[in-house]
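Q:
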Amino acid sequence: MTALTLSTSGAPALRADAIVIGVAKGAKGPVVAAGAEAVDKAYDGRLADVLETLGASGAEGEVTKLPAPAGFKSPLVVAVGLGAQPDKDAEYESEALRRAAGVAARVLTGVKKAGFALPLADAADVGAVAEGALLGAYSFDAYKEAAPAANSAKGKNGKGPLGEATLLGAKPRDKAHKAAAERASAVAEELNRARDLINTPPNDLNPEAFAAVAQAAAKEHGIKVQVLDVKALEKGGYGGILGVGAGSASGPRLVKLSYTHSKAGKHLAFVGKGITYDSGGISLKPAGHNETMKCDMSGAAAVFAAVVAVARLGLEVNVTGWLALAENMPSGSATRPGDVLRMYSGKTVEVLNTDAEGRLVLGDALWAASAEKPDAIVDVATLTGAMVLALGSRTFGVMANDDAFRSAIVEAAEEVGEASWPMPLPEHLRKGMDSPTADIANMGERMGGGLVAGLFLREFVGEGITWAHLDIAGPAFNESGPFGYTPKGGTGSGVRTLVRLAELTAAGDLG
Ligand code: BES
Ligand code: MN
Ligand code: ZN
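Using the working numbering, the first residue of the sequence shown is number 4, and each one after it goes up by one.
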């Protein structure tokens, strides 16, 4: 894991492998951002020209490497693009800083130490750069030949992440700077752990293994944990979770994580879809659609990471996390299309397509969460391909039974740099799920499939409880190249939004 340090030392004096500076896109060419004054001075105030000569424009994602000037204790300067220069007197957006720091940390893979001399106007900027650096430094090498030594983060063929990120110009004795850095570390470290879980192959991360990881973390962070195994699920009547897990040799689990604070005034419940592998079941997915389906537990990973981060931050709010864990496999014991399941709520569901399994495990978990009458429930799920078609691979959809809550979530997501978009729950789509046999079917009209899934979930939210649903099927797993602080593979989508919601709730600014 990458270490984070704050330092008031100037860039020339820092003994590191590289100094990271920012360059923005100005009206007349690249503009050197604040924080890089010492580097510019050592280049006789000609750094912008030097960068332009090297082809730099300041565009987002751009990286320009140049030798550090004489007198510097580090050999290399890495200039990262910040995108358009802000208008006069305006400051850089947090997200621009986060992305630039992420890009720099990513190109510095395998390097021991780097100094970040990016523009830091306030404590929020310290947090953004810290978060970007720690998230961008992420790499998943656990399965690179040979296996990593127990005390090292890198496999033999993996170079390992940037060892240490030093934020220059951030004051270790400034309370606000320190708090921002600590928040960034807690969030980024737990988010990176979620990425690890998502990237872990499904033969190693089955429901039992995921539950064990959650149990260990809960113990470490003083979170109460309860794991319902198959026997307990049977006793409790969790027909949705059991039905989805019925075909797998690895039985399902429902994990409940309870973080409580003695001064908490509000209670939030987070519910995560945790399908450790989605083959589709008897309604088997064709080749080309199942290779990345280890990512189908990304919602549960996000909920888990968020609860641990909230505990580490000691937020004044009670947060319960529910992980609905199952493996969706075809076999002689699998649920068939045509079977009827009796859900935990007592409702019966005709399973028309075993590949619409997420809503079945979530239905049970939402009903279990509702029993505690929390002030609000937010579920997170890689629920539908339809949402990917609608919003693409970087934006999650937000549905809710309360318009103000839905808006608040989209706003909170925006604040922390997660792209989301409000989606409706059109009433007319409900009747498409009418079943001749059961209370409801698990499929409806094909058009608007993401919204149909949302309407199904709504049936399992307790009366009068504010609820929102985040369909992260697009952004949960990055199948193309890395960008900003987002790596290839598991992204940790949803974690930062959930943590922000807990912060807003603790501050009394939500609901
Ligand atoms: N896990 C998938 C959804 C998914 C698709 C996640 C692509 C990530 C990327 C989900 O369980 C699923 O299979 N949904 C079906 C529902 C349909 C059968 C009603 C879908 O979207 O096709
Ligand atoms: Mn499925
Ligand atoms: Zn699924």
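All residues carry an ideal CB built from backbone N, CA and C; glycine is no exception.
1) I'd like the ranges of any beta strand (DSSP E) spanning at least 3 consecutive residues and lying wholly in the stretch 239–311.
2) Between which two residues does the beta strand (DSSP E) containing His472 stretch?
3) Once the 5 residues before and after Ser423 are set aside, which same chain residues still bring their CB inside 8 angstroms of it?
4) Near ligand 3, which residues have their beta-carbon less than 5 angstroms from any of its heavy atoms, given in chain order?
5) By the 10 Å Cβ neighbour count, where 16 or more other Cβ atoms means buried, how is Asn154 classified, buried or exposed?
6) By Cβ distance, which residues of its chain are closer than 7 angstroms to Leu428, with the 5 residues on each side in sequence left out?
7) How should Thr11 be labelled, buried or exposed, when 16 other C-beta atoms within 10 angstroms of its C-beta is the threshold for buried?
8) Do the stretch 8–25 and the stretch 170–179 make contact, defined as three or more Cβ pairs closer than 8 angstroms?
9) Can you name the residues that DSSP bridges to Asn481?
10) Which residue marks the beginning of the beta strand (DSSP E) containing Leu9, and which one marks its end?
11) Do Ala131 and Ser188 have their beta-carbon atoms positioned less than 8 angstroms apart in this structure?
12) Met402 bridges to which residues according to DSSP?
13) Write down every uninterrupted run of the alpha helix (DSSP H) in the stretch 171–232 whose length is 4 residues or greater and which is fully enclosed by it, in chain order.
14) To the nearest angstrom, report how far apart Gly361 and Lys276 are at their CA atoms.
15) I want to check one thing, is the minimum distance from the CB of Asp358 to the heavy atoms of ligand 1 below 7 angstroms?
16) Using the Cα positions of Glu353 and Ala103, report the straight-line distance between them to the nearest angstrom.
17) Taking 7 angstroms as the cut-off, is the beta-carbon of Asn331 closer than that to any non-hydrogen atom of ligand 2?
18) Could you say which of Ile22, Thr385, Tyr280 and Ala267 lies nearest to Gly254 if we only look at CA atoms?
19) One question on the structure: do Val34 and Gly58 come within less than 8 angstroms of each other, judged by their Cβ atoms?
20) Which two residues bound the contiguous beta strand (DSSP E) that contains Arg345?
21) Can you check the stretch 388–438 for any alpha helix (DSSP H) of at least 4 residues that lies completely inside it and give the ranges in chain order?
22) On the DSSP bridge assignment, give the partners of Glu96 in chain order.
23) What did DSSP end up calling Ser60 once you bin it into helix, strand or coil?
24) When burial is assigned at 16 or more other CB atoms within 10 Å of the CB, is Tyr146 buried or exposed?
25) Which residue comes first and which comes last in the beta strand (DSSP E) that contains Phe459?
26) Going by alpha carbons, who is nearest to Lys288 out of Phe273, Thr357, Leu318 and Pro72?
27) Where DSSP assigns a beta bridge to Phe75, which residues make up the other side?
28) For Val53 versus Val81, is the C-beta distance shorter than 8 angstroms?
29) Can you tell me where the beta strand (DSSP E) holding Thr338 begins and where it ends?
30) Relative to ligand 1, is the shortest distance from any of its heavy atoms to the C-beta of Leu369 smaller than 7 angstroms?
31) So, for Val258: in the same chain, excluding its five sequence neighbours on each side, which residues have a beta-carbon less than 6 angstroms away from its beta-carbon?
32) To the nearest angstrom, report how far apart Ala305 and Lys234 are at their CA atoms.
33) Quick check on DSSP: helix, strand or coil for Pro15?
34) With C-beta atoms as the reference, is Pro333 less than 8 angstroms away from Gly388?
35) Count the C-beta pairs between the stretch 77–93 and the stretch 15–29 that are closer than 8 angstroms, then say yes if the count reaches three, no if not.
36) Apply the 10 Å Cβ neighbour rule to Thr5 and answer buried if 16 or more other Cβ atoms are within range, or exposed otherwise.
A: With the structure as the only source:
1) 256–262 and 270–281
2) That run of the beta strand (DSSP E) goes Thr469 to Asp474.
3) Thr398, Phe399, Gly400, Val401, Ile412, Val413, Ala416, Glu417, Leu473 and Thr500
4) Ile278, Asp281, Asp299 and Gly361
5) Low per-residue confidence applies at Asn154: pLDDT is 48, beneath 50, and the placement is therefore not dependable enough to give any value.
6) Met402, Leu454, Gly457, Leu458 and Arg461
7) exposed
8) Result yes; three or more Cβ-Cβ pairs closer than 8 angstroms.
9) Gly492
10) Ala6 to Ser10
11) no
12) Partner(s): His472.
13) Positions of the alpha helix (DSSP H) runs, each at least 4 residues long and wholly inside the stretch 171–232, are given as 178–202 and 210–223 in order along the chain.
14) Answer to the nearest angstrom: the Cα atoms are 6 angstroms apart.
15) Yes, the beta carbon of Asp358 sits closer than 7 angstroms to at least one heavy atom of ligand 1.
16) 49 angstroms
17) yes
18) Tyr280
19) Contact: no.
20) Val343 to Arg345
21) 388–394 and 406–418
22) None; Glu96 has no bridge partner.
23) Coil at Ser60, not helix or strand.
24) Tyr146 counts as exposed, since fewer than 16 other beta carbons sit within 10 angstroms of its beta carbon.
25) That residue, Phe459, is in no beta strand (DSSP E); its alpha helix (DSSP H) goes Gly452 to Arg461.
26) Thr357
27) Paired residue(s): none; Phe75 is not in a bridge.
28) no
29) Counting along the chain, Thr338 falls outside any beta strand (DSSP E), and DSSP gives it neither H nor E.
30) no
31) For Val258, the CB contacts under 6 angstroms within the same chain, skipping 5 residues up- and downstream, are Ala214, Ala217, Val230 and Leu326 in chain order.
32) 26 angstroms
33) helix
34) no
35) yes
36) buried
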